[in-house]
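**Q** Taking full-length UniProt numbering, I'd label the letters of the sequence shown as residues 1 to 215.
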Amino acid sequence: MESGSYTVHIVDDEEAVRKSLAFLLTMCGFTVRVHASATSFLTIAPTLEKGCLVTDLRMPDMNGVELLRRLDEAQALMPAIVVTGHGDVPMAVEAMKAGALDFIEKPFEDEVLVAAVRKAAVELLARPDKAHSVPAIHARLDQLTDRERQVLSGVVAGLPNKTIAFDLDISPRTVEVHRANIMSKMQAGSLAELVRMALLAELEPQGAATRSPRI
Numbered sequence: 001m002e003s004g005s006y007t008v009h010i011v012d013d014e015e016a017v018r019k020s021l022a023f024l025l026t027m028c029g030f031t032v033r034v035h036a037s038a039t040s041f042l043t044i045a046p047t048l049e050k051g052c053l054v055t056d057l058r059m060p061d062m063n064g065v066e067l068l069r070r071l072d073e074a075q076a077l078m079p080a081i082v083v084t085g086h087g088d089v090p091m092a093v094e095a096m097k098a099g100a101l102d103f104i105e106k107p108f109e110d111e112v113l114v115a116a117v118r119k120a121a122v123e124l125l126a127r128p129d130k131a132h133s134v135p136a137i138h139a140r141l142d143q144l145t146d147r148e149r150q151v152l153s154g155v156v157a158g159l160p161n162k163t164i165a166f167d168l169d170i171s172p173r174t175v176e177v178h179r180a181n182i183m184s185k186m187q188a189g190s191l192a193e194l195v196r197m198a199l200l201a202e203l204e205p206q207g208a209a210t211r212s213p214r215i
């Protein structure tokens, strides 16, 4: 799909951020509309066609998770990218459960956002993603060790490495090694992609893992 054949809707309560993102995406050839609040966007969303959404996660009138839930209720859900602060991964996971396609952690490079918006365009075409089909994801999960699956559950729950390490009675450095192995085995290019695959496979996140011997 050509970038000009659909509209990118930017929802953010900060005017400077709206202008900056709109300028970036417009320069990349996208058609862009900006919205100062989730509430104002929600009122027109049911009338929109061929669009994708870039929304901040934390906004004063309505957060990004609630916006996605309300869009779903209005049957107006579109491919959505949520922009989140470093400490908001659990909330970003909730956004993906509510229908977000991707999430991007601040600060991010311009190319990261542009790539995510282009991926949203592919989503609009509703092409089946064989690489991310549920059977393919389960096949990759089967390659994980028991410890890696425990670490993955903690990651999906949005737990920081130190918390996962404490729950599993291992060192934070060991958690980092397991996370790197998980990303490789799952063929995930980003944390958001890893979470999305786990959600598709209905992997249950665990708030705290059962302690077991160090590995």
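The beta carbon of each residue, even a glycine, is placed where N, CA and C say it ideally should be. It should be emphasised that the depicted structure is a prediction, and the values quoted were computed from it without experimental measurement.
Which two residues bound the contiguous beta strand (DSSP E) that contains residue 51?
**A** Stepping through the sequence shown from its first residue, residue 51 is reached at position 51. It spans 51 to 56 - the beta strand (DSSP E) in which residue 51 sits, taken as one unbroken run.
**Q** Taking the beta strand (DSSP E) that residue 102 falls in, what are its first and last residues?
**A** In the sequence shown, counting from the first residue as 1, residue 102 sits at position 102. Element bounds for residue 102: 102 to 105.
**Q** Mapping DSSP to helix, strand and coil, what is residue 74?
**A** Counting from 1 along the sequence shown, the entry for residue 74 is found at position 74. It is coil, neither helix nor strand.
**Q** Which one of 102, 72, 142 has the shortest CA to CA distance from residue 117?
**A** Working through the sequence shown from its first residue, we reach residue 117 at position 117. When only C-alpha atoms are compared, the closest one is 102.
**Q** Measuring alpha carbon to alpha carbon, tell me which of 75, 25, 16 ends up nearest residue 6.
**A** Start at 1 with the first residue of the sequence shown, and residue 6 comes out as number 6. Cα-wise, what sits closest to residue 6 is 25.
**Q** Given a cut-off of 8 Å on the beta-carbon distance, is the pair residue 80 and residue 47 in contact?
**A** Within the sequence shown, numbered from 1, the residue matching residue 80 stands at position 80. Within the sequence shown, numbered from 1, the residue matching residue 47 stands at position 47. No; because the gap between Cβ atoms is not below 8 Å, this pair is not in contact.
**Q** Can you tell me whether residue 179 is buried or exposed? The criterion is at least 16 other CB atoms within 10 Å of its CB, across all chains shown.
**A** Your numbering for residue 179 matches position 179 in the sequence shown. Buried.
**Q** From residue 41 to residue 171, what does the alpha carbon distance come to, in whole angstroms?
**A** Sequence index remark: in the sequence shown, residue 41 carries index 41 (1-based). Sequence index remark: in the sequence shown, residue 171 carries index 171 (1-based). Going by the C-alpha atoms only, they are around 45 Å apart.
**Q** Sort out for me which residues DSSP pairs residue 47 with in a bridge.
**A** Residue mapping note: residue 47 aligns to position 47 of the sequence shown, counting from 1. Residue 47 is not bridged to any residue.
**Q** Roughly how many angstroms lie between the CA atoms of residue 194 and residue 183, to the nearest whole one?
**A** Within the sequence shown, residue 194 is the residue found at index 194, counting from 1. Within the sequence shown, residue 183 is the residue found at index 183, counting from 1. If I take the Cα positions, the gap works out to 7 Å.
**Q** Residue 95 and residue 68: beta carbons closer than 8 Å?
**A** For the purposes of this step, residue 95 is taken as the residue at position 95 of the sequence shown. For the purposes of this step, residue 68 is taken as the residue at position 68 of the sequence shown. Yes, the Cβ-Cβ distance between residue 95 and residue 68 is below 8 Å.
**Q** Between residue 99 and residue 72, how many whole angstroms is the CB-CB distance? I'm expecting something under 8 Å.
**A** The residue labelled residue 99 in the question sits at position 99 within the sequence shown. The residue labelled residue 72 in the question sits at position 72 within the sequence shown. Contact flag correct, Cβ pair sits at about 6 Å.
**Q** So what does DSSP say about residue 39, is it helix, strand or coil?
**A** Taking the first residue of the sequence shown as position 1, residue 39 is located at position 39. Three-state DSSP puts residue 39 in a helix.
**Q** Just verifying my parser: in three-state terms, what is the DSSP assignment at residue 170?
**A** Translated into positions along the sequence shown, residue 170 becomes position 170. Here residue 170 sits in coil by DSSP.
**Q** In three-state DSSP terms, what is residue 26?
**A** As a first step, residue 26 is located in the sequence shown; it is residue number 26 there, counting from the start. In the structure shown, residue 26 sits in a helix (DSSP, three-state: H, G or I).
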